[in-house]
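Engineer:
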Amino acid sequence: MRFVMNDYELIYLIRSERDVMAMEYLLMKYQKLIWKHIHRIGLPDKDHDDYFQEGLMMLVKATKTFDERHNKTFTRYFELIMTRHFYHLKRASWNVVLHDHVDFVTGTQLIEESLPSFDFQSDLEETVYQDYFINRRSVKDLSLELGVDKKKIYNTIYRVREKLKSMLGE
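Final position of the sequence shown in this note's numbering is 178; the numbers increase by one with none missing.
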């Protein structure tokens with residue numbers, strides 16, 4: 009006969025009794041969920057093991073910070089913090105590939121070459137293009153600096169993005 013405990017019992021044992029077996033069981037139970045999310049976000053194969061380790065660390069964190077009074081299951085709570093962490097890691101890591109030869113640029117039109125013909129409808133579009141797209145500043149910073157509502161910044165970003173797409177022929 010196989011005895012199975014639910015997540016709440018396992019978390020109780022981990023927190024109060026420091027039960028290593030309960031932690032190992034929880035780690036084994038959630039391995040497939042971690043791998044599912046790793047494959048879902050489309051990472052290169054070389055990063056899978058690193059993200060799996062990060063997922064295990066998020067599971068340990070979830071066992072420490074989970075609060076059942078918020079009407080969420082442990083699985084949903086863990087999934088939420090793991091997914092957020094994965095996307096944060098993916099956004100934060102820039103994969104730069106250095107090439108020895110410059111042959112890969114042949115036949116490519118660079119955006120910088122065609123910028124003088126870029127038609128900005130307002131000073132706000134030009135500022136948003138420069139600060140958001142080129143200097144990578146946040147919408148919140150732009151909103152505070154320019155004294156403009158965030159929604160207006162988002163709308164301007166959308167307009168500039170559409171103009172860039174049409175300029176590139178996409």
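Here a beta-carbon is modelled for each residue, glycine too, at the ideal position from N, C-alpha and C.
Just mark Tyr95 as buried or exposed, buried being the case when its beta carbon has 16 or more other beta carbons within 10 Å.
Structural biologist: Locating residue 95 in the sequence shown gives position 87, where the first residue counts as 1. Classification of Tyr95: exposed, given that the 10 Å Cβ count is below 16.
Engineer: Given that a residue counts as buried once 16 or more other Cβ atoms are within 10 Å of its Cβ, and exposed if not, what is Asp131?
Structural biologist: Numbered from 1 along the sequence shown, position 123 holds the residue referred to as residue 131. Classification for Asp131: exposed.
Engineer: Skipping 5 residues on each side, what residues in its chain have a beta carbon closer than 7 Å to that of Gln117?
Structural biologist: Here residue 117 refers to the residue found at position 109 when the sequence shown is read from its first residue. Confidence in Gln117 is poor, its pLDDT being 47 and thus under 50, which makes the residue's placement too unreliable to answer from.
Engineer: Between Ile165 and Ser151, which are expected to be in contact by the criterion C-beta below 8 Å, what is the C-beta distance as a whole number of angstroms?
Structural biologist: Translated into the one-based positions of the sequence shown, residue 165 becomes position 157. Translated into the one-based positions of the sequence shown, residue 151 becomes position 143. Not confirmed; about 11 Å, so no contact.
Engineer: Below 8 Å, how does it come out for the stretch 38-45 and the stretch 59-71: are there three or more Cβ pairs, yes or no?
Structural biologist: Verdict: yes, contact present.
Engineer: How far does the alpha helix (DSSP H) with Gly63 in it extend, from its first residue to its last?
Structural biologist: For the purposes of this step, residue 63 is taken as the residue at position 55 of the sequence shown. Its alpha helix (DSSP H) spans residues 56-73.
Engineer: Expressed to the nearest angstrom, what Euclidean distance is found between the alpha-carbon atoms of Pro52 and Tyr33?
Structural biologist: In the sequence shown, residue 52 corresponds to position 44, counting from 1. In the sequence shown, residue 33 corresponds to position 25, counting from 1. If I take the Cα positions, the gap works out to 29 Å.
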